[in-house]
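Structure below.
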């Protein structure tokens with residue numbers, strides 16, 4: 076017993092030393108290669124603190140034409156480091172949405188897409204869905220900070236293909252990657268259907284979905300809502316879809332069968348058509364599923380390549 080205990084202690088000590096050396100190496104890499112190494116190290120420290128620095132230093136960060144509160148979240152820290160971090164999302168959403176529109180944001184996080192959407196749909200409705208309790212608290216706080224409570228509807232839940240409860244991961248160091256878990260113990264969150272949220276609207280102008288690979292299940296639970304939606308803006312990742320045993324082709328086929336045309340952004344404000352056989356060269360891409368191409372062009376002023384590589 077004593078020998079086994081000593082051996083176990085030695086193994087634990089080796090693991091601790093290895094983890095310590097890995098940390099030192101990471102710090103060294105940051106100091107050697109990062110343009111703002113000390114800011115980067117401070118970011119990492121803030122995310123690992125056992126308390127939320129934002130509770131004591133209550134300042135706000137200006138992002139485009141809105142504000143977010145400084146909080147202990149990965150996205151907040153990224154925006155503090157670089158206020159243009161979510162610029163492409165902001166450009167699309169504010170180009171597309173108009174007054175009196177209805178917008179649904181599935182995976183709203185701290186509000187970097189929901190808030191500019193709510194400002195754009197004056198007289199309409201912006202709906203935000205965020206399952207993580209802590210991030211939802213920050214989302215609600217940021218909506219209030221921008222005086223948008225009257226035009227925003229918030230739901231603290233996950234969306235899926237059947238109602239109930241699921242385990243949700245609780246990664247604090249990179250909380251932008253938290254997702255529904257297939258196994259293991261996490262944070263227990265309620266699950267609703269997208270159709271429950273969208274049922275009272277006769278037309279939805281834009282649905283944004285960013286749920287770390289769970290997109291197919293959100294769509295399966297929102298068929299009625301998506302059939303009356305003009306456009307879907309979503310993250311696509313073959314790797315993330317693989318976590319849930321389906322492929323990008325499966326998801327893209329589903330949307331094509333629902334009557335959508337598929338596009339990716341080729342260059343700023345210019346879209347390129349793709350089909351269900353499309354394979355992403357990178358890890359994550361933004362895909363647009365558009366019901367009526369002419370309506371989209373009139374709304375946004377964006378350009379679209381046709382099959383002969385000419386502009387429409």
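Residue numbers (the numbering used here): 76 to 387. For every residue, glycine included, the Cβ atom is placed at its ideal position computed from N, Cα and C.
Closest by C-alpha distance to residue i, when choosing among the options
i, options, result
"residue 261", "314, 247, 196", "247"
"residue 365", "338, 373, 278", "338"
"residue 170", "371, 381, 380", "371"
"residue 321", "197, 145, 295", "295"
CB contact flag (residue i, residue j, <8 Å)
i, j, result
"residue 289", "residue 267", "no"
"residue 184", "residue 251", "yes"
"residue 181", "residue 234", "yes"
"residue 221", "residue 190", "yes"
"residue 240", "residue 204", "no"
"residue 281", "residue 306", "yes"
"residue 166", "residue 193", "no"
"residue 277", "residue 303", "yes"
"residue 259", "residue 214", "no"
"residue 297", "residue 334", "no"
"residue 340", "residue 361", "yes"
"residue 152", "residue 118", "yes"
Sequence-distant residues of its chain with Cβ nearer than 8 Å to residue i (five each side left out)
i, result
"residue 336", "348, 364, 365, 366, 368"
"residue 377", "170, 344, 345, 346, 371"
"residue 355", "311, 312, 313, 323"
"residue 243", "206, 207, 233, 253, 254, 255, 256, 261, 262, 263, 264"
"residue 245", "207, 253, 261, 262"
"residue 326", "290, 291, 294, 311, 316"
"residue 359", "310, 311, 312, 315"
"residue 124", "147"
"residue 271", "238"
Span separating the alpha-carbon of residue i from that of residue j
i, j, result
"residue 155", "residue 301", "35 Å"
"residue 139", "residue 132", "22 Å"
"residue 332", "residue 350", "12 Å"
"residue 107", "residue 199", "At residue 107, the pLDDT of 47 sits below 50, so the modelled position is not reliable; the number obtained from the coordinates is stated separately. Distance between the alpha carbons of residue 107 and residue 199: 49 Å."
"residue 275", "residue 201", "14 Å"
"residue 150", "residue 157", "10 Å"
"residue 122", "residue 142", "20 Å"
"residue 400", "residue 293", "Here the chain comprises residues numbered 76 to 387, so residue 400 is not present and cannot be evaluated."
"residue 237", "residue 291", "12 Å"
"residue 163", "residue 224", "25 Å"
"residue 130", "residue 229", "22 Å"
"residue 315", "residue 174", "34 Å"
"residue 209", "residue 147", "10 Å"
"residue 160", "residue 373", "27 Å"
"residue 308", "residue 330", "12 Å"
beta-carbon residue i near the ligand SAM non-hydrogen atom, thresh 7 Å
i, result
"residue 202", "The ligand SAM is not part of this structure, which contains no ligands at all."
Cβ shell of residue i (< 6 Å), same chain only, five flanking positions each side left out
i, result
"residue 195", "169, 172"
"residue 318", "288"
"residue 285", "182, 310"
"residue 249", "149"
"residue 353", "none"
Own chain, CB closer than 7 Å to residue i, minus 5 neighbours either side, in chain order
i, result
"residue 375", "170, 171"
"residue 134", "145"
"residue 188", "164, 168, 180, 283"
"residue 328", "351"
"residue 217", "143, 144, 185, 186, 190"
"residue 211", "205, 231"
"residue 219", "none"
"residue 99", "Any answer about residue 99 is weak, because its pLDDT of 45 lies below 50 and its placement is not dependable; what the coordinates show is given next. If we look at residue 99 and ignore the five residues flanking it on each side, it has no Cβ neighbours."
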